[in-house]
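First the structure, in the form of structure tokens, and then the observations on it.
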């Protein structure tokens, strides 16, 4: 997403022609917007969370073990 693009710009792995676009993407990486409304909507439904940014398969073992389920 925007944050990944901003990081790629900072690491010189991505070039963006428009300076305004590059600045926007870098700001999205350095100052992410918290998803307050989504968090409030989930607060009574979820009692845990896991970061799956590296992919579901890499964390599936943790999920299965923690939930005493199989996959």
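Numbering (the working numbering), first residue to last: 2 to 72. Virtual Cβ for every residue (Gly too), placed ideally from N, Cα, C. Given the structure is predicted, the values throughout are model-derived calculations rather than measurements.
So, under 8 Å CB-CB, residue i and residue j are touching, yes? Tell me the CB distance rounded to an integer number of Å.
i, j, result
"residue 30", "residue 53", "Residue 30 to residue 53, Cβ: 19 Å. No contact."
Would you give the residue range spanned by the alpha helix (DSSP H) that residue i belongs to?
i, result
"residue 12", "From DSSP, residue 12 is part of no alpha helix (DSSP H); its letter is neither H nor E."
"residue 68", "57-68"
Can residue i and residue j be called in contact, C-beta distance under 8 Å?
i, j, result
"residue 51", "residue 45", "no"
"residue 65", "residue 56", "no"
Three CB pairs or more closer than 8 Å across the segment 26-37 and the segment 4-12: As far as the Cβ criterion goes, the segment 26-37 touches the segment 4-12, which means the pair count is three or higher.
Runs of alpha helix (DSSP H) wholly within the segment 17-54 (minimum 4 residues, chain order): Entirely contained in the segment 17-54, the alpha helix (DSSP H) runs reaching 4 residues are, in chain order, 20-31, 37-43.
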